[in-house]
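Numbering (the working numbering), first residue to last: 184 to 483.
Right, one structure below, let's go through it.
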């Protein structure tokens, strides 16, 4: 057994399982019951995606379908060693209705990625220059009120900075559940150094994303474990020892870095960090303590 505990702040496993009609004991998904067996404790944020191929109303209806599957196949497996949490990825399912945020809170949603791609009722994604709409601002304020964490992964730069302004006004933290750094890999899905510094000022955190396109310029180099460590090193250079965690994006990406083929492979990253003399305390912060402490203090 790998004695270190793990908290991963983003995967699409619940969505994928429902779409494919799979149980949690399957052999196909990056996160599954068997792949967790060797960990002392594993906490996971399971995100339910608002697919842009669906209308906002269809996304709302589909959320409930995935939630039922999640409850039956995943949440029913909850134990002292396996702790699942629920999140939403993309807020088009709100369809400009603030009361739906109350409903999501009652369903157990703990974090909401504000947007995914293009524009929705919240505002614009990373491939736009659009900020928060008036509804988007009201929705973020509602999330603050209900202690649901707003997540700026996928947000446009303008939306991110407007969300930071609201966080400062309300003295609340912001998360980037699965985002890397633009200085290391120049992709709009990654954060600038200044965005991460603003995120830290709110008391928020960023999760390392394992998507190859966000780790490397894949036309030049295939992403691997060293690519993950390059982004981690820069997070640490910016002072993020207590503000960085894992946000692997398992089952939400087409290709994983060399050396990683599922959640069970996180031990390889752990061993590489040990080899380059990361302290046990720092590794434990990155792998578990930072995210666990955040959600314990902010939500519970």
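Heads up, the beta-carbon is just placed ideally off N, CA and C, and yes, glycines get one too.
Cβ distance (whole Å) where residue i is taken to contact residue j below 8 Å
i	j	result
residue 445	residue 451	The pair is not a contact, with the Cβ atoms about 11 Å apart (cut-off 8 Å).
residue 228	residue 298	Going by Cβ atoms, the distance from residue 228 to residue 298 rounds to 17 Å, so no, they are not a contact pair.
residue 390	residue 426	With 8 Å as the limit, residue 390 and residue 426 do not qualify as a contact, their Cβ atoms being about 10 Å apart.
residue 309	residue 339	6 Å
residue 395	residue 438	5 Å
residue 281	residue 251	That belief does not hold up - the Cβ atoms of residue 281 and residue 251 are roughly 24 Å apart, past 8 Å.
Pick from the options that is closest to residue i, judged by C-alpha positions
i	options	result
residue 357	375, 279, 369 and 381	381
residue 246	265, 222 and 271	271
residue 263	219, 241, 301 and 229	219
residue 200	408, 255, 221 and 393	255
residue 349	360, 366 and 317	317
residue 409	393, 274, 276 and 281	393
residue 361	296, 266, 250 and 404	296
residue 188	352, 204, 471 and 294	471
residue 418	469, 464, 457 and 253	469
residue 231	306, 397, 260 and 243	243
residue 273	249, 302 and 422	302
residue 337	324, 373 and 326	373
residue 440	429, 287, 233 and 407	407
residue 364	423, 330 and 248	423
residue 377	369, 344, 404 and 352	344
For residue i: DSSP bridge partner residues
i	result
residue 390	428
residue 266	226
residue 308	338
residue 323	Beta-bridge pairing links residue 323 to no other residue.
residue 358	334 and 388
First and last residue of the uninterrupted beta strand (DSSP E) at residue i
i	result
residue 338	Careful: residue 338 lies outside any beta strand (DSSP E) and carries neither H nor E.
residue 193	189-194
residue 214	Run containing residue 214: none; DSSP gives neither H nor E here.
residue 378	Segment 376-384 is the alpha helix (DSSP H) holding residue 378; no beta strand (DSSP E) there.
residue 372	Element bounds for residue 372: n/a, residue is neither H nor E.
residue 292	292-296
Three-state secondary structure (DSSP) of residue i
i	result
residue 227	strand
residue 207	coil
residue 273	coil
residue 302	strand
residue 346	helix
residue 313	coil
residue 450	helix
Endpoints, the alpha helix (DSSP H) within which residue i is located
i	result
residue 408	408-420
residue 255	239-256
residue 283	282-289
residue 395	395-398
residue 463	463-467
residue 433	Unbroken run through residue 433: none, as it is neither H nor E.
residue 473	473-481
Chain C within 8 Å of residue i, Cβ atoms only
i	result
residue 359	As a matter of chain content, chain C is missing from the structure shown, which is built from one protein chain.
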